[in-house]
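Residue numbers (the numbering used here): 211 to 340.
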Amino acid sequence: MSVKITKGNKSDLSVSSVFSKGLSGKLFGDKAYISKELFHQLLTNDLRLFTNLRKDMKTYLLDIQDNLLLNKCSLIESVFNVLKKHMLLEHTRHRSPLNFFVHIIASLASYSISKLNPHLISSSSPDSLS
């Protein structure tokens, strides 16, 4: 897992080299334009980047499993929605960096013991949001 905290107006693509250090496998992202240079840079670092296609992008073939995972991106976004709405993750007035990190850790801890957790694998329990 890799985390980098940036300003809100900074592009995620500009810090992708920081994200990709020490990671390998599959990387799923939002619909964005990915340059060929960035795609090949991530591929040389053993990362395969998957995004939904924009109108001006060329199509590429996906494995069935990769396509299913790409379609589950909305589920990942619903995890963030649960964190923001039910676990009160968003807070705009942090007075110290330590308070900021304590607030994030407390939100993640309350999410981990919550019954509102969405699941990637559908289950028969009524508590899952899948």
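Glycine included, C-beta positions come from ideal geometry on N, C-alpha and C.
Where does residue i land, buried or exposed, given buried means 16+ other C-beta within 10 angstroms?
i	result
S245	exposed
L298	exposed
L293	buried
Hey, would you say residue i sits closer than 8 Å to residue j, going by beta carbons?
i	j	result
L248	S234	no
S230	L252	yes
Which residues does DSSP list as the beta-bridge partners of residue i?
i	result
R258	K236
Once DSSP output is grouped into helix, strand and coil, what is the label at residue i?
i	result
D273	coil
H313	helix
L298	coil
S284	helix
H250	helix
N219	coil
S322	helix
S230	helix
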